[in-house]
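*Asks:* Take this structure first; my questions come after.
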Amino acid sequence: MIDLATPEDPADGLAAVVALRRLTEQLEAAEVERAMRTGWSWPEVAEALGVTRQAVHKKHAKRLIAAGVELRRR
186 MIDLATPEDP ADGLAAVVAL RRLTEQLEAA EVERAMRTGW SWPEVAEALG
236 VTRQAVHKKH AKRLIAAGVE LRRR
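Here the working numbering is used: the first residue of the sequence shown is 186, the next is one more, and so on.
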């Protein structure tokens with residue numbers, strides 16, 4: 186395990202984990218949208234993220250459609 190300076194109060198460390206998760210979700214959403222806007226396919230995005238096409242589609246499709254992103258079928 187990486188030796189990191191940890192807060193004395195576990196609540197502070199857990200709050201940092203929550204903040205990092207939120208940041209990671211925001212970054213993923215932004216990059217998936219950017220990829221789809223530049224013509225990437227669902228399988229390409231899925232491969233880059235290390236997940237299935239179905240998983241990335243389920244997670245992002247509704248939001249992308251609402252944002253007006255033109256989605257490719259394959």
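Glycine residues also receive a C-beta, built at the ideal position from the N, C-alpha and C atoms. What you are looking at is a predicted structure, and each value in this text was computed from that prediction instead of being measured.
1) How should Val-202 be labelled, buried or exposed, when 16 other C-beta atoms within 10 angstroms of its C-beta is the threshold for buried?
2) Using the C-alpha atoms, what's the distance from Asp-197 back to Gly-224?
3) To the nearest whole angstrom, what separates the beta carbons of Ala-251 and Glu-218, a pair I think is in contact under 8 Å?
4) Starting from the Cα of Leu-249, find the closest Cα among Met-221, Ser-226 and Gln-239 and give me that residue.
5) In this structure, how does DSSP classify Thr-209 when only helix, strand and coil are distinguished?
6) Which residue comes first and which comes last in the alpha helix (DSSP H) that contains Glu-232?
*Replies:* So, to answer that:
1) For this step, residue 202 is matched to residue 17 along the sequence shown. Classification of Val-202: exposed, given that the 10 Å Cβ count is below 16.
2) Here residue 224 corresponds to residue number 39 of the sequence shown, with the count starting at 1. Here residue 197 corresponds to residue number 12 of the sequence shown, with the count starting at 1. Each residue's Cα considered, the two are about 41 Å apart.
3) To locate residue 251, count along the sequence shown from 1; it is residue 66. To locate residue 218, count along the sequence shown from 1; it is residue 33. Incorrect: roughly 11 Å between the Cβ atoms, too far for contact.
4) Translated into positions along the sequence shown, residue 249 becomes position 64. Of the candidates Met-221, Ser-226 and Gln-239, the one whose C-alpha sits nearest the C-alpha of Leu-249 is Met-221.
5) For this step, residue 209 is matched to residue 24 along the sequence shown. Three-state DSSP puts Thr-209 in a helix.
6) If you number the sequence shown from 1, residue 232 lands on position 47. Unbroken alpha helix (DSSP H) run through Glu-232: 227 to 234.
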